[in-house]
Amino acid sequence: MALATQTMTDEQRKSVALEYLKAFDNGGVTSSGGSILDLFAEDAQVMFPKWGIAEGHKEIGQLFGDVGGTLRSIKHHYAEFTWIFSGGDLIVAEGTSHGEHVDGPWRAGVPEWGAGRWCDVFEIRDWKIQRCFIYLDPDYAGKDTARYPWLTTAEA
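The UniProt record's numbering numbers the first residue of the sequence shown as 1 and each following residue consecutively.
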């Protein structure tokens, strides 16, 4: 990771994280028409469940291509985000989303145990995302119920 050269406020870090989430909703295109990868440091890391850790623009692009290729649409619910600031380079965003996966639609809270709730841990320095670890249930359409007996009971 690069040495810090610019001081950022929590609100500035939040603006970078929001730009990333909005770009994800916009098929990987930022508000200025650039690539979502432009928001990341060259040696950044991104972790996505069931994919692993991607390092650098090439692997992050592959991760986003793999995950994004399974999504027909996604919309984050910005007004409902919870933000946690560390006082340093780390910020946490917790929120909900809805959209359509190739296996079917999802909406946070429908059903209550389903996909759509997520939490992202960001490290943002020098106006670039250094690290983004994404925590969510990647079974967007809620098809993986056979392995969880309590879900079979809940559906009945």
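Each residue gets a CB set at the ideal place from its N, CA and C atoms; glycine is no exception.
Residue range of the beta strand (DSSP E) that includes V29:
Working through the sequence shown from its first residue, we reach residue 29 at position 29. It is not in any beta strand (DSSP E) - V29 carries neither H nor E in the DSSP assignment.
Buried or exposed for F64, please, with buried defined as at least 16 other CB atoms from any protein chain shown within 10 angstroms of its CB.
As a working note, residue 64 is residue 64 in the sequence shown. Buried, by the Cβ-count rule.
If you follow the beta strand (DSSP E) that Y129 is in, where does it begin and where does it stop?
Counted from its first residue, the sequence shown places residue 129 at position 129. Correcting the residue identity first, residue 129 is Ile in this sequence and not Tyr. Counting along the chain, the beta strand (DSSP E) containing I129 begins and ends at 128–136.
Kindly confirm or deny that the region 131–138 and the region 31–50 touch, where touching means at least three C-beta pairs closer than 8 Å.
yes
Anticipated Cβ contact below 8 Å, A141 with H101, distance rounded
Against the sequence shown, residue 141 aligns to sequence position 141. Against the sequence shown, residue 101 aligns to sequence position 101. Between H101 and A141 the Cβ distance is about 5 Å, and since that is below 8 Å, they are a contact.
Looking at C-beta atoms only, is the number of pairs between the region 82–101 and the region 113–121 that lie closer than 8 Å three or more?
yes
The beta strand (DSSP E) spanning D38 covers which residue range?
For this step, residue 38 is matched to residue 38 along the sequence shown. D38 -> no beta strand (DSSP E), and no H or E assigned at all.
Which word fits V16, buried or exposed, when buried means at least 16 other C-beta atoms lie within 10 angstroms of its C-beta?
Within the sequence shown, numbered from 1, the residue matching residue 16 stands at position 16. Burial call: buried.
Go through its chain and collect everything with a Cβ distance to F24's Cβ below 7 Å, but skip five positions before and after it.
Sequence index remark: in the sequence shown, residue 24 carries index 24 (1-based). I36, I74, listed in sequence order.
Quick one: what does DSSP say V102 is sitting in, helix, strand or coil?
Counted from its first residue, the sequence shown places residue 102 at position 102. Looking at V102 - three-state DSSP - the assignment turns out to be coil, as it is neither helix nor strand.
Tell me which same chain residues have a C-beta within less than 6 Å of the C-beta of I53, skipping the five on either side of it?
On the sequence shown, position 53 is the one that residue 53 refers to. Cβ within range, chain order: Q45, M47.
Where G88 sits in the DSSP three-state scheme
Residue 88 sits at position 88 when you count from the first residue of the sequence shown. Three-state DSSP puts G88 in coil, outside helix and strand.
Could you give the C-beta distance for L39 and K143, rounded to a whole number, given that I count them as a contact under 8 Å?
Taking the first residue of the sequence shown as position 1, residue 39 is located at position 39. Taking the first residue of the sequence shown as position 1, residue 143 is located at position 143. No, L39 and K143 are not in contact; Cβ-Cβ is about 31 Å, not under 8 Å.
Going by alpha carbons, who is nearest to D10 out of T153, L136, S86?
Within the sequence shown, numbered from 1, the residue matching residue 10 stands at position 10. For D10, the nearest C-alpha among the options comes from S86.
Inter-residue spacing [alpha-carbon to alpha-carbon] between T153 and W51
Looking up residue 153 in the sequence shown gives position 153. Looking up residue 51 in the sequence shown gives position 51. The straight-line gap from Cα to Cα measures roughly 29 Å.
Per-residue DSSP class, three states only, for K22
Stepping through the sequence shown from its first residue, residue 22 is reached at position 22. Of the three classes helix, strand and coil, the one that applies to K22 here is helix, per DSSP.
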